[in-house]
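Trainee: First to last, the sequence lines map onto chains G and V.
Oh and the first sequence: position 75 is 103 in my numbering, straight run, nothing missing.
Oh and the second sequence: position 301 is 294 in my numbering, straight run, nothing missing.
The beta carbon of each residue, even a glycine, is placed where N, CA and C say it ideally should be.
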Amino acid sequence: MTQTIDTNTVKHVATLVRLGISEEEAQKFSGQFSSIIDYFNMLNEVDTENVTPASDIANAENVLREDVVKPSMSHEEFIKNAPKSERGYVKVPTVLGEE
Amino acid sequence: MQLHNLTIREASELLTSKKISSVELTQAVLQRAHDVDDKIKSYVTITDDVALEQAKQADERIAKGENVTPLTGIPFAMKDCISTRGVRTTCSSKILEDYVPQYNATVTNKLADSGAVLVGKTNMDEFGMGSSCENSGLFNTHNPWDLDRVPGGSSGGSAAAMSASQATFTIGEDTGGSVRMPAGFCNVTGIKPTYGRVSRYGLISLVSSFDCIGPMTRDVYDCATVLEAIAGHDEKDSTTYNAPVPQYHQNINKSVKGMKLGIPKEYFVAGMEAGVESSIQEAIRTYEKLGMEIHEVSLPNTKYALPVYYLLLFAEASSNLARFDGTRFGLSVSENAKDVIDIYLQTRHEGFGDEVKRRIMLGAYALSAGYYDAYYLKAQKVRTLLRQDFELALSSVDILLAPTCPTTAFKLGEKTNDPLEMYLSDIYVVATNPAGVPALALPCGFSNNMPVGMQLIGKHLDEQTLFQVGNAYQQVTDWHKQQPNL
Chain G
29 MTQTIDTNTV KHVATLVRLG ISEEEAQKFS GQFSSIIDYF NMLNEVDTEN
79 VTPASDIANA ENVLREDVVK PSMSHEEFIK NAPKSERGYV KVPTVLGEE
Chain V
-6 MQLHNLTIRE ASELLTSKKI SSVELTQAVL QRAHDVDDKI KSYVTITDDV
44 ALEQAKQADE RIAKGENVTP LTGIPFAMKD CISTRGVRTT CSSKILEDYV
94 PQYNATVTNK LADSGAVLVG KTNMDEFGMG SSCENSGLFN THNPWDLDRV
144 PGGSSGGSAA AMSASQATFT IGEDTGGSVR MPAGFCNVTG IKPTYGRVSR
194 YGLISLVSSF DCIGPMTRDV YDCATVLEAI AGHDEKDSTT YNAPVPQYHQ
244 NINKSVKGMK LGIPKEYFVA GMEAGVESSI QEAIRTYEKL GMEIHEVSLP
294 NTKYALPVYY LLLFAEASSN LARFDGTRFG LSVSENAKDV IDIYLQTRHE
344 GFGDEVKRRI MLGAYALSAG YYDAYYLKAQ KVRTLLRQDF ELALSSVDIL
394 LAPTCPTTAF KLGEKTNDPL EMYLSDIYVV ATNPAGVPAL ALPCGFSNNM
444 PVGMQLIGKH LDEQTLFQVG NAYQQVTDWH KQQPNL
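(1) G:N109 versus chain V: which residues are under 9 Å apart at the beta carbon?
(2) Can you tell which of V:S272, V:E119, V:T9, V:N116 has its C-alpha closest to the C-alpha of V:C398?
(3) Got a sec, what are the start and stop residues for the alpha helix (DSSP H) V:Y36 sits in?
(4) Does V:Q373 have its Cβ less than 7 Å from a Cβ in chain G?
(5) When you compare the segment 10 to 21 of chain V with the segment 225 to 233 of chain V, are there three or more beta-carbon pairs, one atom per stretch, that lie closer than 8 Å?
(6) Would you kindly work out how many angstroms separate the C-alpha atoms of V:Q240 and V:N464, rounded to a whole number?
(7) Is the segment 381 to 390 of chain V touching the segment 95 to 110 of chain V in the sense that three or more CB pairs, one from each, lie closer than 8 Å?
(8) Using beta carbons (cut-off 7 Å, strictly below), is G:T76 in contact with chain V?
(9) Name the residue from V:T233, V:S440, V:T377 whose alpha carbon lies nearest to the alpha carbon of V:T400.
(10) Are any of the Cβ atoms in chain G nearer than 7 Å to that of V:Q457?
(11) Quick one: list the residues of chain G neighbouring V:H342, beta-carbon separation under 8 Å, in chain order.
(12) Out of curiosity, what's the CA-to-CA distance linking V:L199 and V:G121?
(13) What distance in whole Å lies between the Cβ atoms of V:R54 and V:G108, which are believed to be in contact at a cut-off of 8 Å?
(14) Determine the burial state of G:M29: buried for a count of at least 16 other Cβ atoms within 10 Å of its Cβ, exposed for fewer.
(15) Using a Cβ-Cβ cut-off of less than 8 Å, list which residues of the segment 94 to 124 of chain G approach chain V; keep chain order.
(16) With DSSP as the reference, identify every bridge partner of V:P444, one or two as the case may be.
(17) Using 8 Å as the cut-off, can you tell me whether the segment 456 to 470 of chain V makes contact with the segment 145 to 153 of chain V, which would need three or more C-beta pairs spanning the two stretches below that distance?
(18) So, V:P237 versus V:P431, is the Cβ gap smaller than 7 Å?
(19) In whole angstroms, what is the alpha-carbon distance linking V:M71 and G:E77?
(20) Look at the alpha carbon of V:M415 and the alpha carbon of V:L405, and state the distance between them as a whole number of angstroms.
(21) Distance, Cα to Cα, G:H40 vs G:F57?
(22) What residue from V:A157, V:A276, V:S327, V:S192 has the CA that sits closest to V:L449's CA?
(23) DSSP puts V:R142 in a beta bridge; with which residues?
(24) Tell me V:F162's beta-bridge partners as DSSP assigns them.
(25) What's the gap between the Cα of G:T32 and the Cα of V:D382?
(26) Could you give the DSSP three-state label for G:E114: helix, strand or coil?
(27) Check the Cβ of G:Y80 against every Cβ in chain V and list those closer than 8 Å, keeping chain order.
(28) Find the residues of chain G that neighbour V:S148, judging by a C-beta separation of less than 7 Å, and give them in chain order.
(29) Apart from the five residues just before and just after V:Y358, which ones in its own chain have a Cβ nearer than 7 Å to its Cβ?
(30) Measure the alpha-carbon distance for G:P99 versus V:K229 and round it to whole angstroms.
(31) From V:L522 to V:I197, what does the alpha carbon distance come to, in whole angstroms?
(32) Just mark V:F132 as buried or exposed, buried being the case when its beta carbon has 16 or more other beta carbons within 10 Å.
(33) In chain G, which residues lie less than 7 Å from V:L355 when you measure between Cβ atoms?
(34) What number of angstroms, rounded off, separates the C-alpha of V:C74 from the C-alpha of V:T83?
(35) Along chain G, which residues have their Cβ under 8 Å away from the Cβ of V:I336?
(36) In or out: V:M209 buried (at least 16 other Cβ within 10 Å) or exposed?
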């Protein structure tokens, strides 16, 4: 079975990952995604009826520590990489709009 | 004697016996790095000033005889996904092209503490997404053995720099073969350690549950030296093992006689280049002559490793790369942005290359409602089976041997039009990462004048056996000593 991922689906997932996308790109990706996902469908052959999904890879135990304040990067240093800042805050346009 | 061609061990002996200084060694390596980089393009940034300053400090340490380690005064290069305070760290992405971290990765700190000297940051596939370095958002790196061919990926810059003697060792990062596959293509030794053996703090994440930082070196002995310096528990990375780091050289010369070498039959199927297969078979015979018992073993779910690996990568990467939003650091495209979402959309559209776009979109697809069970959850279940495959196989033998790639290095441009074709070049190296087991890649021959690599795969936290078995091979072969003509 060939599973096609149409351009609308591509545009939808682009929205989910906050990625601007042109019509041309959506068409290109649509074809590529279909063949990749089609290949991945081979996993359907595997019987995983009683298999527990892997959730950890190394240390199965939770790691806890005391909640103690330690020195960290200064505010001044931290804000240095922000493209726009004002009075020590990261500056961005409207977050909550009227939509 | 050319200083840029020394191993760590040789250089360290000359440094501690004061026959050479770190400044001399570093100048020679920097000179070499600059001389050949026009052809190879391993480096995103060469850090002359930082290197010479660190070299001076190393010389002072050596003069005083204080705190001298096997890496004191040794010049190295770091993959550009590992944070270096004050030194640009790009991940070879336009979105981080001018990003200068305000802090060091734990690995960077450990190497600085050991006295190693940073000569530069190496090119890679953007965010580690690729197998040829052609997905670098900055430029291509060339294979020192044939400039028309790729160095492999994603740690292609680190592999090429090592191969071309542009550093005495390099640091790579292996999410699904990204140390081992380019090591094989460029004739260098490299290890993907056990997941959790080396801290990921300060590594720009691709797949948090796969990522492993590992050294690339001239030989196995050097590889053990560097791993020992960077491994260990880190309170800033709770997935690191709180287990002591062994002295890896302790047993490195121990005989391998009587040890059991497993050959996974699923790795020897149609499609392997003839010269690769014959080199691997020759390596197996070498181990037989060294007294190892050879056993065929089975890793029955091998063919599913690639889809498991890529599906989980897509999913984790789509979430990890959400941080690149143009507001707090990195590229920001905000022309006529009416709200913050516009900044996200524009910045990510302009800042990410096509492969990154593909992978984060496919990740969102695999995680989205209606597909989560069929893709993400299914892949996590098959991942359990992959892990069990390795556990079972490694319960009857000490170590496994397999090729790192079905072919030698391919030509630039050969696979760039078909993403799936490019993914398939990772077929032998991806299974270890979902399983977490360590694997050591080392040179084992040539096919049509291009290097062939093999990998030894071991039990969790048993890097020591990998080094022992790898070193035994390098004592009786000289493939790892072959160098490209540049």
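Mentor: Quick look at the numbers:
(1) Y92, V93, P94, Q95, R321, F322, G323
(2) For V:C398, the nearest C-alpha among the options comes from V:S272.
(3) Not the alpha helix (DSSP H): V:Y36 falls in the beta strand (DSSP E), residues 36 to 39.
(4) yes
(5) The segment 10 to 21 of chain V and the segment 225 to 233 of chain V do not touch, with fewer than 3 CB-CB distances between them shorter than 8 Å.
(6) 15 Å
(7) no
(8) yes
(9) V:S440
(10) no
(11) L47, G48, I49
(12) 7 Å
(13) Cβ atoms of V:G108 and V:R54 come within 8 Å of each other, at about 6 Å.
(14) Because the pLDDT at G:M29 is just 44, under 50, the model does not fix this residue reliably, and the value given afterwards should be weighed accordingly. Label assigned to G:M29: exposed.
(15) M101, E105, F106, K108, N109, A110, P111, K112, V118, V120, P121, T122, V123
(16) V:F439
(17) no
(18) no
(19) 44 Å
(20) Separation of V:M415 and V:L405 (C-alpha to C-alpha, rounded to the nearest whole angstrom) is 12 Å.
(21) Between G:H40 and G:F57, the C-alpha separation is close to 12 Å.
(22) V:A276
(23) V:K404
(24) V:F69
(25) 33 Å
(26) strand
(27) A small correction: the amino acid at residue 80 of chain G is Thr; Tyr does not occupy that position in the sequence shown. What G:T80 touches in chain V, judged by beta-carbon distance under 8 Å, is K374, T377, going in chain order.
(28) Correct list: empty, because the minimum Cβ distance to chain G is about 21 Å.
(29) Y364
(30) 14 Å
(31) With chain V covering only -6 through 479, there is no way to say anything about residue 522 of chain V.
(32) Under this definition V:F132 is an exposed residue.
(33) F61, I64
(34) 7 Å
(35) V120, P121
(36) V:M209 sits buried, since 16 or more C-beta atoms from the chains shown fall within 10 Å of its C-beta.
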